[in-house]
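Some notes on the structure that comes next.
There are 2 protein chains.
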Amino acid sequence: MRHFDHPDLDEVALARALSALGDPVRLAIVRTLSDGGEHQVSEMQVEVSQSTLSHHFTTLRKAGVVFIRPEGTRCWHSLRPEFEQRFPGLLVTVLGLE
Amino acid sequence: MRHFDHPDLDEVALARALSALGDPVRLAIVRTLSDGGEHQVSEMQVEVSQSTLSHHFTTLRKAGVVFIRPEGTRCWHSLRPEFEQRFPGLLVTVLGLE
DNA sequence: ATCGATGTTCGACGTTGATAGATGAAGGCG
DNA sequence: CGCCTTCATCTATCAACGTCGAACATCGAT
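Chains as they are written, first to last, in our numbering: chain R, 1 to 98; chain H, 101 to 198.
What follows is the structure, given as structure tokens:
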């Protein structure tokens with residue numbers, strides 16, 4: 001079984017969270033996930049390769065932004081609710097901007 | 101006379117702004133400037149060299165976060181009010197977190 | 001067992017970023 | 001004028017990041 005490490009949000013620094021959000025591709029990912037649902041990697045509509053996309057998901061996961069739930073051969077990605085509690089208002093504010 | 105280029109805020113992407121804020125040293129700088137006043141580089145209390153500090157100020161300036169007003173031999177740094185208009189609530193939210 | 005779908009991991013490459021030391025520019029002061 | 005203060009910039013080094021293709025892993029289906 002595949003294993004994905006999700007960090008304790010208390011150990012995620014603000015600078016790390018901001019840095020994780022500070023990339024156009026990762027912002028696009030977060031926007032897609034912001035509907036609250038679970039999404040596969042293949043649903044992301046960005047013009048980067050699959051491996052690059054996977055790398056960005058890893059960055060977001062290590063920053064505590066996204067949660068990955070493997071199911072069979074697929075991976076369902078969603079925003080971590082704890083992120084909002086750790087950094088209240090941050091994601092809402094960022095997603096409201098462009 | 102020294103010349104400092106301050107970008108048009110409309111040309112600053114959200115990802116760039118977040119990336120600029122996504123560094124511990126630069127967050128400390130922004131916190132110091134958040135009193136609304138003008139500050140010199142020497143007032144910053146971070147354990148990096150002066151040239152590194154200057155580099156971080158350049159990064160913040162190019163991201164539209166800070167304004168530099170040279171006066172004689174000194175340089176007065178302050179937050180750009182336009183930043184709040186370009187990214188409403190972002191700075192307030194970030195500064196309210198830790 | 002083999003195939004296909006879905007992602008991850010592994011080099012590799014080029015770009016960017018962080019850092020420090022040395023240098024330079026501007027002005028105040030004696 | 002020469003010296004000091006202040007701080008940007010230049011140069012150099014090293015690490016980190018974004019990107020890709022290829023190889024690998026996992027699982028369901030055939």
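Beta carbons: idealized from backbone N, C-alpha and C, even for Gly. From a predicted model like this one, the values you see are computed outputs, not experimental measurements.
Checking 8 angstroms against the spacing of the C-beta atoms, do residue i and residue j come in under that value?
i, j, result
"Ser178 of chain H", "Phe167 of chain H", "yes"
"Ile129 of chain H", "His106 of chain H", "no"
"Leu18 of chain R", "Leu121 of chain H", "yes"
"Leu160 of chain H", "Arg126 of chain H", "yes"
With distances taken Cα to Cα, identify the nearest neighbour of residue i among the options.
i, options, result
"His103 of chain H", "H:Thr158, H:Val148, H:Leu153", "H:Thr158"
"Asp8 of chain R", "R:Pro70, R:Leu91, R:Ser34, R:Phe83", "R:Phe83"
"Ala217 of chain H", "R:Pro24, R:Val12, R:Leu14", "Residue 217 of chain H cannot be examined here, being either before or after the span of chain H that is shown, 101 to 198."
"Gln185 of chain H", "R:Asp10, R:Glu98, R:Thr73, R:Arg69", "R:Glu98"
Using DSSP's beta-bridge definition, name the partner residues of residue i.
i, result
"Ile168 of chain H", "H:His177"
"His39 of chain R", "R:His77"
Name the chain H residues that come within less than 8 angstroms of residue i, Cβ to Cβ?
i, result
"Leu14 of chain R", "Leu127, Val194, Leu197, Glu198"
"Ser19 of chain R", "Leu118, Ser119, Gly122, Asp123"
"Leu90 of chain R", "Thr193, Val194, Leu197"
Contact check, residue i vs residue j under 8 angstroms by CB: the rounded distance?
i, j, result
"Val41 of chain R", "Cys75 of chain R", "6 angstroms"
"Arg180 of chain H", "Val165 of chain H", "6 angstroms"
With respect to 7 angstroms, is the separation between the Cβ of residue i and the closest non-hydrogen atom of the ligand ADP below this value?
i, result
"Ile29 of chain R", "Looking for the ligand ADP in the displayed structure turns up nothing, as the structure carries no ligands at all."
Which residues in chain R have a C-beta closer than 7 angstroms to the C-beta of residue i? List them in chain order.
i, result
"Phe187 of chain H", "Leu97"
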